[in-house]
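Q:
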Amino acid sequence: MTQTRSLIDENGKRTDGRTGDQLREIKITVGVIKNADGSAFIEFGMNKIVAAVYGPREVHPKHMALSDRCVLRCRYHMTPFSTDTRKNPAPSRREVEISKVMREALEPSLMLEDYPRAAIDVYVEVLQADGGSRCAGITAASVALADAGINMRDIVSACAAGKVDDRIVLDINDTEDKEGDADMPVAYMPHLELVTLLQLDGVLNEDQFNQCVEEAVKGCKMVYEVQRKALMQKYFGNETELKEEQ
Amino acid sequence: MSSSRRSTIIVEHLRKQQMWDSISKGKRLDGRALDEIRPIEIEVGLIKKANGSARVKIGNSEVVAGVKVETGEPFEGLENKGALILSAEVLPTASPYIEPGPPDEETVELARVVDRGIRESEMLDLSKLALIPGEIVYVIFVDCSVINADGNLFDATSYAAVSALMNSKLPVFEIRDRKAVDTGEKQNPPLTTVPVSITAVRIGESVILDPTAEEEACMDARITITTNSDQNFAAVQKGSTGAFTVEQLKRAAATARIKGEEIRAKLRESTKAGK
C-alpha cells in the first residue's frame, strides 16, 4: 500500500482519535432475531452486523449429513448498501473465502460430535461495513452460537492488529486498512488459548509479526469481555450487573 | 455457503494411527523428516504462446502457470497502477475426487492466498505498468492449473505463479492516438522481490512442512506463510478446522523465513537457467 498521509499524529492519536492499543466502541445485543435459535447484533465502530444461528436441525440435502458429527455451514454476506459503492448482492470471491475462514475459525470451538447427522447454519449479514468486518462477524457469530445453546468448548473472540506508520496498533479501522501497511485479523479462544484464525495482508518483519500476534490476542481478550457481558445481560439481566458492581 | 465436509481422501484408521505414531517419533510415512520438503522440479518457458510460463512439481503435486499480458482499464481505486489478475484452477486431471465445474471454496481460497502473497509482497511494481493513468494500463493475467494434486497445492501453485512471472517478457506497448499499440518489442517485468510461500500443517502436536494429500487428510490445522526477499512476512493464511497456539505460530513463522530462503535460491536459479 502506498502511504499518502500520516495516519498517526504527533500526539500518537489515530485518524479516529484512538490511541494505538484502544479498540473501537463495541456493543453486542443478544437475541435480536426472534425466529432464530440464537442471534446477536454487533456494532463494532461503524460496523453493523447481524448473526443468526439455526440448528442443530435436519440436513438438506440429506447426503451432506455426516454420520459421526454435525455439519457446520457458514455464510458471510454483505448487503448491497453496506459499502460506499453499491456491492453486487451475488457472493463475491472475497465473501466465499471469508465464509470459509469464518467456519474454520468457529469449528474448533464447537462440540460438533454431540449432534451427529444434523446441521448448524450460521448466517452473518453485514448491514454496514467498516474495517474489520470479518472479525466483528466471527465475534457476533460465536455469541449467537452460545445463545443458541450449542455445546461449546470456548467462545471465539476476534480482533485485528496491524502496522500503521511503522507502529503496531490494535483494531485497524477502514482508513488504516486501505492506507496502512499491514492488517492481521486474528480469532482466539481465550480459555483454551488457541488461535483459530490468522491472516495477514502487508509486510512485517519477524519482531513486528510476533508483536502483532500478541497485540491481536490482547485485543481478542478485550472483545471477549464484551461478549461475556452481552450474554450475561440476556440470561441473568441486571442481577449480575449489580453483583459485578459490588 | 461454506460447509464442513469430510476429507476428499479417506484415510483408514489404521493408516492414520500409523501416521501419528511415525510423526510422533519424528519421521513421516514417506521417510521424510518433519521439516523436509519433497524434491522440487521447476521448468520455465515451456509454453511458447504465453508471455511467461512455468511447470512446478513438488513430489507428485504438479502445477502449470502461464502469464498473458493485455491492456485494459485499471481497477477502481488503483487508477495509476497496472492490473494483476491471478486465477487458479484444479483440473479434473488432478485427482479422482475432482469434477469439472465452477471453482469450489477451496479453489477460491487457493487462488486468493497465492494472489495475496504476490500482491502484498509487491513482487511486481504495478506503478510502472500504467500507460495512460486512469485509462489504459497493462493487465497481467497469471493463470495457474493444477494438473496433479498430491497435497501442498498452496506452495506448488505459488512457486509456479512466481516462476512464470520471473520467466516472463512483457510486450512493449506504445500510446498512439490514445490507444495502446504493441510495438513487437519485449521488456523485462518490473520485479522487486521474490515471494515464497511455506505451508505447515499440525498433526497432533507436531508441525510438519509440505504435507502430502494423505497427510492433509489427517491434519488438524494448516498455515501458509509468504515471505519476501528481505525475509519479511507479506501474507499469512491459517486454514482448516483446528487451532494453533501462539508459540506454534511464532515457530512456524521462523521456519518459513529459513526454508523460504532455500526455496528462493532455487526459484532464482531455475528461472535463470530457463532463459
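Chains as they are written, first to last, in the numbering used here: chain X, 22 to 267; chain L, 20 to 294. Positions of the beta carbon are idealized from the N, C-alpha and C atoms, including for glycine. All values derive from a computational prediction rather than experimental measurement.
At a CB distance below 8 Å, what residues from the region 271 to 293 of chain L approach chain X? Give them in sequence order.
A: Listed by position, the residues of the region 271 to 293 of chain L near chain X (Cβ gap below 8 Å) are 272, 273 and 276.
Q: Which residue or residues does DSSP assign as beta-bridge partners of residue 120 of chain X?
A: None; residue 120 of chain X has no bridge partner.
Q: Using C-beta distances below 7 Å, list every residue in its chain close to residue 253 of chain L, excluding the 5 sequence neighbours before and after it, in chain order.
A: Closer than 7 Å at Cβ, skipping near neighbours: 136, 139, 140, 214, 245, 246 and 247.
Q: Give me the Cβ distance between residue 214 of chain X and residue 212 of chain L, rounded to the nearest whole Å; I'm assuming they're in contact under 8 Å.
A: About 34 Å separates the two Cβ atoms, so there is no contact after all.
Q: Can you tell me whether residue 257 of chain X is buried or exposed? The criterion is at least 16 other CB atoms within 10 Å of its CB, across all chains shown.
A: So residue 257 of chain X ends up on the exposed side.
Q: Is there at least one Cβ from chain X nearer than 9 Å to residue 260 of chain L's Cβ?
A: It does; some Cβ of chain X falls within 9 Å.
Q: What is the DSSP secondary structure of residue 24 of chain X, reduced to helix, strand or coil?
A: At residue 24 of chain X, the pLDDT of 49 sits below 50, so the modelled position is not reliable and the matter cannot be decided from this model.
Q: Is it buried or exposed, residue 23 of chain X, if we count other Cβ atoms within 10 angstroms and call 16 or more buried?
A: Bear in mind that a pLDDT of 47 at residue 23 of chain X, under 50, signals an unreliable position, so the model cannot answer this.
Q: Let me know the secondary structure DSSP gives residue 53 of chain X once reduced to three states.
A: It is coil, neither helix nor strand.
Q: Are at least three pairs of beta-carbons, each pair with one atom in the region 192 to 207 of chain X and one in the region 176 to 183 of chain X, less than 8 Å apart?
A: The region 192 to 207 of chain X vs the region 176 to 183 of chain X: in contact.
Q: The alpha helix (DSSP H) with residue 102 of chain X in it runs from where to where?
A: Looking at the DSSP string, residue 102 of chain X is not in any alpha helix (DSSP H), and its letter there is neither H nor E.
Q: Excluding the 5 residues preceding and the 5 following residue 111 of chain X in the sequence, name in chain order all residues of the same chain whose CB lies nearer than 6 Å to its CB.
A: Nothing listed; no residue qualifies.
Q: Residue 221 of chain X touches chain L at which residues, Cβ-Cβ below 9 Å?
A: Chain L residues near residue 221 of chain X: 135, 139, 244, 245, 252, 253, 254, 255 and 256.
Q: Using 8 Å as the cut-off, can you tell me whether the region 146 to 163 of chain L makes contact with the region 190 to 201 of chain L, which would need three or more C-beta pairs spanning the two stretches below that distance?
A: In short, these stretches touch, since the Cβ pair count reaches three.
Q: Provide the residue(s) that pair with residue 109 of chain X in DSSP beta bridges, ordered along the chain.
A: DSSP, once it has assigned bridges, lists no residue as partnering residue 109 of chain X.
Q: Give me the DSSP bridge partner(s) of residue 163 of chain L.
A: DSSP output for residue 163 of chain L lists L:84 and L:107 as bridge partner(s).
Q: How big is the Cα-Cα spacing for residue 172 of chain X and residue 154 of chain L?
A: The straight-line gap from Cα to Cα measures roughly 55 Å.
Q: Quick check on this structure: which residue in L:200, L:159 and L:229 has the alpha carbon closest to the alpha carbon of residue 208 of chain L?
A: Cα-wise, what sits closest to residue 208 of chain L is L:159.
Q: Below 7 Å on C-beta distance, what does residue 160 of chain X contact in chain L?
A: Per Cβ cutoff of 7 Å: no residues; residue 160 of chain X is ~16 Å from chain L at best.
Q: Mapping the DSSP letters down to three states, classify residue 223 of chain X as helix, strand or coil.
A: Residue 223 of chain X: strand per DSSP, three-state reduction.
Q: For residue 237 of chain X, collect the residues of the same chain with a Cβ closer than 7 Å to its Cβ; drop the 5 residues on either side in sequence, then sort them by chain order.
A: Result list for residue 237 of chain X: 180, 181, 182, 205 and 207, in chain order.
Q: Check whether the region 216 to 235 of chain L and the region 33 to 47 of chain L are in contact - that is, three or more C-beta pairs closer than 8 Å.
A: Cβ pair count under 8 Å is three or more, so yes.
Q: With a 10 Å radius around its C-beta and 16 neighbouring C-beta atoms as the bar for buried, classify residue 269 of chain X as buried or exposed.
A: Residue 269 of chain X is absent from the structure shown; chain X starts at 22 and stops at 267.
Q: Measure how close the beta-carbons of residue 106 of chain L and residue 172 of chain L come, nearest whole angstrom, since I'm counting them as under 8 Å.
A: Residue 106 of chain L to residue 172 of chain L, Cβ: 14 Å. No contact.
Q: Starting from residue 132 of chain L and walking both ways along the alpha helix (DSSP H), at which residues does that stretch end?
A: Looking at the DSSP string, the run of the alpha helix (DSSP H) that includes residue 132 of chain L is 124 to 139.
Q: Starting from the beta carbon of residue 82 of chain X, find every residue of chain L whose beta carbon is closer than 9 Å, and list them in chain order.
A: Correct list: empty, because the minimum Cβ distance to chain L is about 11 Å.
Q: Using 8 Å for Cβ pairs, my map puts residue 260 of chain L next to residue 77 of chain X. What's the rounded Cβ distance?
A: 17 Å between Cβ atoms; not a contact.
Q: Beta carbon of residue 161 of chain L, beta carbon of residue 286 of chain L: below 9 Å?
A: The answer is no: Cβ separation not under 9 Å.
Q: Would you call the region 55 to 64 of chain X in contact with the region 158 to 171 of chain X, where contact means no fewer than 3 C-beta pairs closer than 8 Å?
A: The region 55 to 64 of chain X vs the region 158 to 171 of chain X: in contact.
Q: When you compare only the Cα positions, how much space is there between residue 229 of chain L and residue 31 of chain X?
A: Their Cα atoms are separated by approximately 46 Å.
Q: Once you ignore the five residues that flank residue 252 of chain X on each side, which residues in its own chain have a CB closer than 8 Å to its CB?
A: So the list reads 51, 164, 167 and 168, once near-sequence residues are dropped.
Q: The beta strand (DSSP E) with residue 216 of chain L in it runs from where to where?
A: Start and end: 215 to 222.
Q: Check whether the region 62 to 77 of chain L and the region 117 to 133 of chain L are in contact - that is, three or more C-beta pairs closer than 8 Å.
A: Verdict: no, contact absent.
Q: For residue 99 of chain X, is the classification buried or exposed, using 16 other Cβ atoms within 10 angstroms of its Cβ as the cut-off for buried?
A: It is buried - the Cβ of residue 99 of chain X has at least 16 other Cβ atoms within 10 Å.
Q: Quick one: list the residues of chain X neighbouring residue 176 of chain L, beta-carbon separation under 7 Å, in chain order.
A: Simply none; closest approach about 15 Å.
Q: With 16 as the cutoff for other CB atoms within 10 Å, does residue 106 of chain X come out buried or exposed?
A: Exposed, by the Cβ-count rule.
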